[in-house]
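Please read the structure below before turning to the comments.
Protein chains: 2
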Amino acid sequence: MLTYPEERDRRVAPGAAPMVEMIELLFFAYRDFVGDADRLLERYKFGRAHHRVLHFVNRRPGIAIAELLDVLRITKQSLNRVLKELLDKGFVEAHAGVADRRQRLLFCTDRGAALARELTELQARRFERAFAEGPDATAPCARAFLLAMIDARERPKVEQWIRRPAP
Amino acid sequence: MLTYPEERDRRVAPGAAPMVEMIELLFFAYRDFVGDADRLLERYKFGRAHHRVLHFVNRRPGIAIAELLDVLRITKQSLNRVLKELLDKGFVEAHAGVADRRQRLLFCTDRGAALARELTELQARRFERAFAEGPDATAPCARAFLLAMIDARERPKVEQWIRRPAP
DNA sequence: CTGGATATGTCAGCATTGTTGACATAAATG
DNA sequence: CATTTATGTCAACAATGCTGACATATCCAG
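If you read the protein sequences in the order shown, they are chains A and B.
Residues 261 to 427 (our numbering) make up the first sequence, in order.
Residues 261 to 427 (our numbering) make up the second sequence, in order.
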């Protein structure tokens with residue numbers, strides 16, 4: 261007696277959901293997750309690329325271009341296209357570095373920080389609702405799961421990024 | 261004494277990670293998750309859009325265009341651009357519907373099914389590795405978490421999609 | 001049977017966001 | 001002072017989304 265139609269392809273513990281379901285759930289979950297932000301960004305004529313830059317600048321005030329490129333894993337040309345708009349519209353400011361004046365250190369303006377906060381809260385609420393539906397262990401379990409889904413090689417870097425205190 | 265720098269903004273149980281970390285972990289995890297497939301697709305000159313179509317056709321052989329559009333949430337123009345290439349290159353076949361001859365029912369060819377299987381296994385392996393790192397409860401917990409992250413309104417539809425047996 | 005609804009295809013144009021390659025400038029550094 | 005580094009910019013292109021308009025074939029109700 262089979263619980264799932266794909267049972268014979270599973271190669272996982274009996275009774276467990278096939279991995280293909282996990283793949284699809286992650287796809288659908290991520291789509292809705294970014295959809296939250298998309299709707300809010302539309303009002304400012306911003307896209308997802310702007311969101312990512314704003315988010316990471318807000319998260320790490322004074323971040324330099326090179327570090328931002330490293331986190332986002334895009335080219336400087338792609339970054340500059342959206343960064344220019346964030347600067348023009350007054351959501352982000354750049355100041356020359358103190359130790360190294362070649363660097364342009366990025367900061368959110370009040371407007372920028374407000375939008376970043378609103379976006380984060382929107383997405384945080386989705387997590388909160390999800391965690392509230394399950395047992396207490398859901399949040400730490402989900403956190404460990406998400407971390408384990410990241411390439412092992414870059415995991416130390418991500419962990420460091422995530423908990424490094426603001427300068 | 262604070263465990264996390266963002267402790268004061270948290271609004272979650274003490275000791276729990278701030279939500280902003282969850283947001284970033286999901287971003288990084290998803291990026292690596294789709295990266296697996298990207299590298300394999302490159303060899304066939306396919307992109308992510310091709311991947312999604314191939315995946316869902318393989319998952320639901322005989323799916324009609326309208327249903328595919330509904331799952332992917334893209335326009336028929338966007339779909340047709342990549343579907344045409346999948347048909348041309350012999351990864352997918354279309355057959356007129358039996359009951360309704362207007363419908364074009366889509367099926368993977370052997371080649372297409374082989375690629376779809378390879379892509380799914382690549383991504384499934386990432387889940388397996390992640391689950392292997394945590395306790396037994398990790399997989400069901402992650403599954404419940406992902407489902408809970410999906411808009412409540414579309415959840416019944418997703419659940420039905422995910423476990424509906426192939427025709 | 002006929003007329004309207006439905007399923008699908010197609011053409012044209014445009015927006016966003018990624019890429020490569022080449023070249024420019026200013027500041028740091030040995 | 002010569003070189004390296006951090007950054008900016010121009011141009012072209014690719015992938016993948018979108019809208020709007022129009023075409024065709026088929027189904028279905030009256």
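C-beta: ideal position from N, C-alpha, C; glycine also.
- Contact list for the region 285 to 300 of chain A against chain B, Cβ threshold 7 Å: So the list reads LEU285, LEU286, PHE288, ALA289, TYR290, ASP292 and PHE293, given in the order they occur along the chain.
- Item | Contacts of ASP330 (chain A) in chain B (Cβ-Cβ under 7 Å) | Chain B residues near ASP330 (chain A): none, gap ~13 Å exceeds 7 Å.
- Could you tell me whether any Cβ in chain A is nearer than 8 Å to the Cβ of VAL418 (chain B)? Contact with chain A is found for VAL418 (chain B), since one of that chain's Cβ atoms lies less than 8 Å from the residue's Cβ.
- CA-CA distance, THR335 (chain A) and LEU329 (chain A)? Answer to the nearest angstrom: the Cα atoms are 7 Å apart.
- Task: Give me the Cβ distance between ALA384 (chain A) and ILE283 (chain B), rounded to the nearest whole Å; I'm assuming they're in contact under 8 Å.
- Result: The C-beta distance from ALA384 (chain A) to ILE283 (chain B) rounds to 7 Å, short enough to meet the 8 Å contact threshold.
- Taking a cut of 9 Å between CB atoms, which residues from the region 361 to 373 of chain B lie near chain A? Cβ contacts with chain A come from no residue of the region 361 to 373 of chain B.
- Message: Under 9 Å, CB to CB, which of the residues in the region 381 to 398 of chain B have a partner in chain A?
- Response: Of all residues in the region 381 to 398 of chain B, GLU381, GLN383, ALA384, ARG385, ARG386, PHE387, GLU388, ARG389, ALA390, PHE391, ALA392, GLU393, GLY394, PRO395, ASP396, ALA397 and THR398 have a Cβ within less than 9 Å of some Cβ in chain A.
- Item | Run of the beta strand (DSSP E) containing GLU414 (chain B), from where it starts to where it stops | No beta strand (DSSP E) holds GLU414 (chain B); DSSP gives it neither H nor E.
- ALA402 (chain A) touches chain B at which residues, Cβ-Cβ below 8 Å? Within chain B, the C-beta atoms nearer than 8 Å to that of ALA402 (chain A) come from MET282, CYS401, ALA402 and PHE405, in chain order.
- Under three-state DSSP, which class holds PHE405 (chain A)? Assigned with DSSP and collapsed to three states, PHE405 (chain A) falls in helix.
- Message: As a quick exercise: from A:ALA297, A:ARG320 and A:GLY322, pick the residue whose alpha carbon is nearest that of GLN310 (chain A).
- Response: The amino acid occupying residue 310 (chain A) in the given sequence is His; Gln does not appear at that position. With distances taken between Cα atoms, HIS310 (chain A) lies closest to A:ALA297.
- Query: So which of B:ILE325, B:MET409, B:PHE387 and B:GLU393 has the shortest CA-CA distance to ARG361 (chain B)?
  - Reply: Of the listed residues, the one whose Cα sits closest to ARG361 (chain B) is B:ILE325.
- Would DSSP call PHE293 (chain A) helix, strand or coil? It is helical.
- Message: Using 8 Å as the threshold, is the C-beta distance between LEU343 (chain B) and VAL352 (chain B) below it?
- Response: Yes, the pair counts as a contact, with Cβ atoms nearer than the cut-off.
- Please state if the CB of ARG312 (chain A) and the CB of LEU285 (chain B) are separated by a distance shorter than 8 Å. No. Outside cutoff.
- Query: Residues bridged to ARG364 (chain B) by DSSP?
  - Reply: Among the bridge pairs identified by DSSP, ARG364 (chain B) is matched with B:ALA356.
- Which chain A residues sit within Cβ distance under 7 Å of ASP411 (chain B)? ASP292, listed in chain order.
- Buried/exposed call for HIS460 (chain B), threshold 16 Cβ in 10 Å: Residue coverage of chain B in this structure runs from 261 to 427, which leaves residue 460 (chain B) outside it and unanswerable.
- Quick one: is ALA408 (chain B) near chain A, going by C-beta distance under 8 Å? At least one chain A Cβ lies under 8 Å of ALA408 (chain B).
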